[in-house]
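K.L.:
In the order they appear, the protein sequences are chains V and D.
First residue of the first sequence: 1, per my numbering; consecutive thereafter.
First residue of the second sequence: 1, per my numbering; consecutive thereafter.
Note that CB positions come from ideal geometry on N, CA and C, so glycine has one too.
Protein chains: 2
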Amino acid sequence: MSETRPEQEIPARSPGRPPAAAAAFSPLYRQIKSLIVESLERGEWKAGESIPSEFDLAARFQVSQGTVRKAIDELAAEHLLLRRQGKGTFVATHHEPRTRYRFLRLAPDDDGEGERAESRIVDCRRLRAPADVSRALELRSGDAVVCIRRVLSFGGVPTVIDDIWLPGNLFKGLTAESLAGYRGPLYGFFESEFGINMVRADEKLRAVAASPETAELLGAAPGAPLLQVERVSYTYGDRPVEWRRGQYLTERYHYRNRLT
Amino acid sequence: MSETRPEQEIPARSPGRPPAAAAAFSPLYRQIKSLIVESLERGEWKAGESIPSEFDLAARFQVSQGTVRKAIDELAAEHLLLRRQGKGTFVATHHEPRTRYRFLRLAPDDDGEGERAESRIVDCRRLRAPADVSRALELRSGDAVVCIRRVLSFGGVPTVIDDIWLPGNLFKGLTAESLAGYRGPLYGFFESEFGINMVRADEKLRAVAASPETAELLGAAPGAPLLQVERVSYTYGDRPVEWRRGQYLTERYHYRNRLT
DNA sequence: TAGTGGTCTAGACCACCGT
DNA sequence: CGGTGGTCTAGACCACTAA
């Protein structure tokens, strides 16, 4: 049960003898951080649950509370964990109001909160991964994937069409029926049903002309300009677990972004 | 010269008497952070220069070095400052290789580094601010603004057309000629010539059809889908100092974004 | 070697939450 | 009230840079 301080993981640097290779120096708090991420990967604490207190973790890892604190600071900054003063530290989830639709950057042009999204599943099937999808998800070409097509509407207006690919082995039992019965963000569904937490995503945006098929689903003219968003989502440990291509009607909505 | 510790700024909370209004508690390190930002606003330290050491600042503000450190931590996370171990802490600049074109999110589809941008100034004039621009820049409608139009090319291919509005009173003496003689990112130019540092920006993205005029400048077909990027840029203290609308050809380039 | 930022510790106390 | 995270301090030592 008890774990010992990972002293060995610190590359020793004797003063007189420079290291053969330029071994990267890794401070203690980063090693602790890695250990916490490993616990998240193993599912020791589930999304929405609290993790042990800083004091308990300090005892477990045989370091000071301040060192654990610095590790958790970084994980909280990366939104893997969420601190709540007086209550504890919690595993981030896509279920709570504040973090629901965290990755949906579409906002109405007039600043009102905007209607909440309604999702309609158009298609859901299992097939062998095309080359580009298997590359993005780091699968072998031909591995099974689940392929979903859905339409998001705001206030009854179809606005987004998403094509989503997921590794088949991680999403066993995912069907159009199970999807249809679910309310709320897809990533919350993935957490609850498959124990997979999306923590980060990389997107590539461009403007494209609507294909006849897409135009039909969105009630737009063929050739209308659409914002196309290709996304790879990652779970703990930078493992890619979703590839999707969204096409957004941006007549009354825009994609908001902050540069820092 | 010497400044005293701002003890008064901490809202006192006597145990027996709850505060009349819910006065926001502001920790010391945030007050220090504000003082540092004020020094940046005043231009006490210019972009690229080093600020005093943590030790010196601790003495100046009459707090411990750890408290100054935490203030600087946040400013470094927000890219207002840049730490360099063994050398000091520096005011962030758009001149250095690592931070040049920090706000340009366009990347080539094939991952090569991509040619560096060449900028061609199409137009530069002074006029009275239109209503939407004056609103974005928090000016009075009718205040003087500088209006720039330019084309960015990569490897000789026109790819971006930018329309840029700047408050006239902050950019006195800005002309097409002074712009034409400058190499490098526009924000570096603003730093050097006008002492204005862009530290943050908010963008709204959508897909639009190219107008005949835009299509002409980009060598594209009228009606071609373009990625339109509206941006408000801010300097220290969240003061908006630039509004721009970019239109990007995304045939061979895309807008990259990371979600966290 | 001196000066900078970076790490780690230990302890005190504050703010917030639930019981 | 006890337990949690949040702040602040003081001091020791490490890593990196430049003279």
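Within 7 Å: the Cβ of P108 of chain V and any heavy atom of the ligand GDP?
P.N.:
Ligands in the displayed structure: none, and consequently the ligand GDP is not present.
K.L.:
Report the option in V:L127, V:R183 and V:E118 whose CA atom is closest to the CA atom of G155 of chain V.
P.N.:
The residue labelled residue 155 of chain V in the question sits at position 155 within the first sequence. Nearest of V:L127, V:R183 and V:E118 to G155 of chain V, Cα basis: V:E118.
K.L.:
I want to see whether chain D comes within less than 8 Å of A92 of chain V, judged by CB atoms only; does it?
P.N.:
As a working note, residue 92 of chain V is residue 92 in the first sequence. No - not a single Cβ of chain D is within 8 Å of the one on A92 of chain V.
K.L.:
On the CB-based measure, 16 or more other CB atoms within 10 Å of its CB, does P212 of chain D come out buried or exposed?
P.N.:
For the purposes of this step, residue 212 of chain D is identified with residue 212 of the second sequence, where counting begins at 1. Exposed: under 16 other Cβ atoms inside 10 Å.
K.L.:
Checking contacts by CB at 8 Å: is E78 of chain V closer than that to chain D?
P.N.:
Residue numbering aside, residue 78 of chain V sits at position 78 when the first sequence is read from its first letter. Chain D, which has a Cβ nearer than 8 Å to the Cβ of E78 of chain V, makes this yes.
K.L.:
Which word fits D162 of chain V, buried or exposed, when buried means at least 16 other C-beta atoms lie within 10 angstroms of its C-beta?
P.N.:
The residue you call residue 162 of chain V lines up with position 162 of the first sequence. With 16 or more other Cβ atoms within 10 Å, it is buried.
K.L.:
Whole angstroms are fine: how far does the CA of R120 of chain D sit from the CA of A209 of chain D?
P.N.:
Looking up residue 209 of chain D in the second sequence gives position 209. Looking up residue 120 of chain D in the second sequence gives position 120. Their backbone Cα atoms lie some 23 Å apart in a straight line.
K.L.:
Does the beta-carbon of T175 of chain V have 16 or more other beta-carbons within 10 angstroms, so that it is buried, or is it exposed?
P.N.:
One-based indexing of the first sequence puts residue 175 of chain V at position 175. Classification for T175 of chain V: exposed.
K.L.:
Report yes or no: do three or more beta-carbon pairs, one from the region 22 to 34 of chain V and one from the region 55 to 74 of chain V, lie closer than 8 Å?
P.N.:
Yes: at least three Cβ pairs fall under 8 Å.
K.L.:
Suppose the cutoff is 6 Å on Cβ atoms and the five residues either side in sequence are ignored; what does the same chain contact list for E242 of chain D look like?
P.N.:
As a working note, residue 242 of chain D is residue 242 in the second sequence. Once the five neighbours on either side are set aside, the close Cβ partners of E242 of chain D are L166 and S233.
K.L.:
Is E213 of chain D helix, strand or coil by DSSP?
P.N.:
By 1-based counting over the second sequence, the position of residue 213 of chain D is 213. Helix.
K.L.:
Return the first residue and the last residue of the alpha helix (DSSP H) that Q65 of chain V is part of.
P.N.:
Taking the first residue of the first sequence as position 1, residue 65 of chain V is located at position 65. Taken as a continuous stretch (DSSP letters only), the alpha helix (DSSP H) holding Q65 of chain V covers Q65 to A77.
K.L.:
Could you check the C-alpha separation between E49 of chain D and W45 of chain V for me, to the nearest Å?
P.N.:
Numbered from 1 along the second sequence, position 49 holds the residue referred to as residue 49 of chain D. Numbered from 1 along the first sequence, position 45 holds the residue referred to as residue 45 of chain V. Taking the straight line from one Cα to the other gives about 45 Å.
K.L.:
Using a Cβ-Cβ cut-off of less than 9 Å, list which residues of the region 95 to 106 of chain D approach chain V; keep chain order.
P.N.:
The region 95 to 106 of chain D vs chain V, Cβ under 9 Å: R102, F103 and R105.
K.L.:
Please name the residue, chosen from D:R125, D:E191, D:G184 and D:R206, that lies closest to G168 of chain D on a Cα-to-Cα basis.
P.N.:
Your numbering for residue 168 of chain D matches position 168 in the second sequence. For the residues D:R125, D:E191, D:G184 and D:R206, the minimum Cα distance to G168 of chain D belongs to D:R125.
K.L.:
Compare the C-alpha of E54 of chain V against each of V:R42, V:E177 and V:G86 and name the closest.
P.N.:
Here residue 54 of chain V refers to the residue found at position 54 when the first sequence is read from its first residue. The option with the nearest alpha carbon to E54 of chain V is V:G86.
K.L.:
Please state if the CB of R149 of chain V and the CB of D123 of chain V are separated by a distance shorter than 8 Å.
P.N.:
For this step, residue 123 of chain V is matched to residue 123 along the first sequence. For this step, residue 149 of chain V is matched to residue 149 along the first sequence. In this structure, R149 of chain V lies closer than 8 Å to D123 of chain V by Cβ.
K.L.:
Tell me the rounded alpha-carbon separation between R245 of chain D and G112 of chain V.
P.N.:
Position 245 of the second sequence, counting from 1, holds the residue named residue 245 of chain D. Position 112 of the first sequence, counting from 1, holds the residue named residue 112 of chain V. Cα to Cα, the separation comes out at about 23 Å.
K.L.:
Against chain D, does P185 of chain V count as a neighbour if the rule is that its beta carbon must be under 8 Å from one of theirs?
P.N.:
For the purposes of this step, residue 185 of chain V is identified with residue 185 of the first sequence, where counting begins at 1. False, the Cβ-Cβ gap to chain D never drops below 8 Å.
K.L.:
Taking only three categories from DSSP, how would you classify Q228 of chain V?
P.N.:
As a working note, residue 228 of chain V is residue 228 in the first sequence. Strand at Q228 of chain V.
K.L.:
Per DSSP, what are the beta-bridge partners of L127 of chain V in this structure?
P.N.:
On the first sequence, position 127 is the one that residue 127 of chain V refers to. Per DSSP, V:V145.
K.L.:
Kindly indicate if chain V contains any beta-carbon less than 8 Å away from that of N197 of chain D.
P.N.:
What you label residue 197 of chain D is simply residue 197 of the second sequence in a count that begins at 1. Closer than 8 Å: no.
K.L.:
Compute the Euclidean distance between the alpha carbons of S178 of chain V and P158 of chain V, then round it to the nearest angstrom.
P.N.:
In the first sequence, counting from the first residue as 1, residue 178 of chain V sits at position 178. In the first sequence, counting from the first residue as 1, residue 158 of chain V sits at position 158. Taking the straight line from one Cα to the other gives about 22 Å.
K.L.:
For F25 of chain D, count neighbouring Cβ atoms within 10 angstroms of its own Cβ and tell me buried if that reaches 16, exposed if not.
P.N.:
Position 25 of the second sequence, counted from the first residue, corresponds to residue 25 of chain D. Its Cβ having fewer than 16 others within 10 Å, F25 of chain D is exposed.
K.L.:
Tell me, please, whether the region 224 to 238 of chain D touches the region 223 to 232 of chain V by the rule of three or more beta-carbon pairs shorter than 8 Å.
P.N.:
Touching, yes, given that three or more Cβ pairs across the two stretches are closer than 8 Å.
K.L.:
Find out if the Cβ-Cβ distance for the pair L106 of chain D, Y255 of chain D is shorter than 8 Å.
P.N.:
Indexing the second sequence from 1 puts residue 106 of chain D at position 106. Indexing the second sequence from 1 puts residue 255 of chain D at position 255. Yes.
K.L.:
Find the residues of chain D that neighbour P130 of chain V, judging by a C-beta separation of less than 8 Å, and give them in chain order.
P.N.:
Counted from its first residue, the first sequence places residue 130 of chain V at position 130. Residues of chain D passing the Cβ test: none, with the nearest at roughly 18 Å.
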